[in-house]
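Engineer: Residue numbers for the sequence shown follow the working numbering, beginning at 1 and rising by one. Idealized CB from N, CA, C, for every residue including glycine. Given the structure is predicted, the values throughout are model-derived calculations rather than measurements.
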Amino acid sequence: MKKKTILLVDDDAIIRDLIKGALERHYKVFAASTYSEAVKHLKNPIDLALLDYKLPNGDGLELLKTIRKERPSLPAIMMTGYSDEAVAIKAIRSGVTDYVKKPFNLRYLMQKISEILGEGVPIGYKEEKKYFEGVKNRDEFIMDGIAAYIEEKYTEELTREKIAEMANMNRNKFCIAFKKRFGHTFTSYLNHIRINKAVELLKNPDLNITEIAYFVGYGNVVHFERVFKEKYGVSPRKYRKMRKQKNR
Numbered sequence: 001m002k003k004k005t006i007l008l009v010d011d012d013a014i015i016r017d018l019i020k021g022a023l024e025r026h027y028k029v030f031a032a033s034t035y036s037e038a039v040k041h042l043k044n045p046i047d048l049a050l051l052d053y054k055l056p057n058g059d060g061l062e063l064l065k066t067i068r069k070e071r072p073s074l075p076a077i078m079m080t081g082y083s084d085e086a087v088a089i090k091a092i093r094s095g096v097t098d099y100v101k102k103p104f105n106l107r108y109l110m111q112k113i114s115e116i117l118g119e120g121v122p123i124g125y126k127e128e129k130k131y132f133e134g135v136k137n138r139d140e141f142i143m144d145g146i147a148a149y150i151e152e153k154y155t156e157e158l159t160r161e162k163i164a165e166m167a168n169m170n171r172n173k174f175c176i177a178f179k180k181r182f183g184h185t186f187t188s189y190l191n192h193i194r195i196n197k198a199v200e201l202l203k204n205p206d207l208n209i210t211e212i213a214y215f216v217g218y219g220n221v222v223h224f225e226r227v228f229k230e231k232y233g234v235s236p237r238k239y240r241k242m243r244k245q246k247n248r
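1) Are R60 and T80 touching if we call contact CB-CB under 9 Å?
2) Tell me the DSSP secondary structure of L7 in three-state form.
3) Which two residues bound the contiguous alpha helix (DSSP H) that contains A54?
4) Is it buried or exposed for N204, if we count other Cβ within 10 angstroms and need 16 for buried?
5) Kindly confirm or deny that the segment 9-26 and the segment 169-178 touch, where touching means at least three C-beta pairs closer than 8 Å.
6) From the DSSP output, which residues share a beta bridge with F30?
7) Return helix, strand or coil for I46, following the three-state DSSP convention.
8) Cβ of L190 within 9 Å of Cβ of I113?
9) Where does the unbroken beta strand (DSSP E) through K101 begin, and where does it stop?
10) Using a Cβ cut-off of 9 Å (strictly closer), state whether K203 contacts chain B.
11) To the nearest angstrom, how far is the alpha carbon of F30 from that of K229?
12) How is K126 classed by DSSP in three states: helix, strand or coil?
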């Protein structure tokens with residue numbers, strides 16, 4: 001099925017990249033940091049526009065007016081760091097479909113986008129109610145973006161250093177912020193995602209343990225088996241055997 005396309009406009013590079021990383025799991029994304037860059041993307045097929053209110057060379061409302069001239073029916077969500085209700089009123093009068101106040105939870109944003117595009121709530125989001133808790137500051141927003149990035153890129157080599165650099169933090173500050181937000185260390189969070197994916201793959205009898213380990217991001221099979229056993233108390237082979245006997 002062809003992915004729908006979103007135009008994302010935000011001049012904050014970190015925030016823009018995190019939102020883009022989260023969206024790319026489900027959508028094709030054209031990203032821009034300025035009014036002029038965004039206008040150039042309007043020549044492409046777009047299903048929804050996600051606009052920051054404050055831009056370097058023209059605010060989001062001006063961009064929205066330009067979009068409305070080109071594509072009157074294109075759905076648009078305005079992102080704003082202003083708490084002033086007057087901004088929301090201006091956005092609504094300009095024809096915005098919805099608006100969200102920064103900092104917001106990325107999963108909440110994903111839900112809004114999915115609903116506007118008539119897709120319902122994405123699988124998995126409605127089951128994770130804890131992720132819809134309010135985001136109080138920029139660090140929490142960044143951590144939510146990092147979590148979404150991990151869930152998308154878990155098969156790749158992800159290190160604390162690499163992710164901390166993405167968040168524009170030193171390693172210690174990142175580790176503290178991540179654990180404060182999620183109650184788990186970066187490593188335990190990543191392992192949790194990978195092992196859950198491995199459990200799903202174990203249902204496929206055509207995949208051996210080594211293949212599964214590599215598919216979920218472990219370059220070392222012994223390490224994969226150790227982490228798996230720490231969570232389930234048995235090796236992946238034993239777990240598969242037990243599931244097979246249970247399903248007879």
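Structural biologist: For this structure:
1) Residue 60 is actually Gly in this sequence, not Arg. Yes, the pair counts as a contact, with Cβ atoms nearer than the cut-off.
2) Looking at L7 - three-state DSSP - the assignment turns out to be strand.
3) In the sequence as presented, Ala is not what sits at residue 54; that position holds Lys. Run containing K54: none; DSSP gives neither H nor E here.
4) With fewer than 16 other Cβ atoms within 10 Å, it is exposed.
5) Contact between the segment 9-26 and the segment 169-178 is absent: fewer than three C-beta pairs spanning the two stretches fall below 8 Å.
6) According to DSSP, F30 bridges with L7.
7) The answer is coil: DSSP assigns I46 none of H, G, I, E or B.
8) Their beta carbons are not under 9 Å apart, which means L190 does not touch I113 by this criterion.
9) Unbroken beta strand (DSSP E) run through K101: 98-101.
10) Given the protein chain composition of this structure (a single chain), no chain B is represented.
11) The straight-line gap from Cα to Cα measures roughly 42 Å.
12) Because the pLDDT at K126 is just 42, under 50, the model does not fix this residue reliably, and the value given afterwards should be weighed accordingly. Coil, per DSSP.
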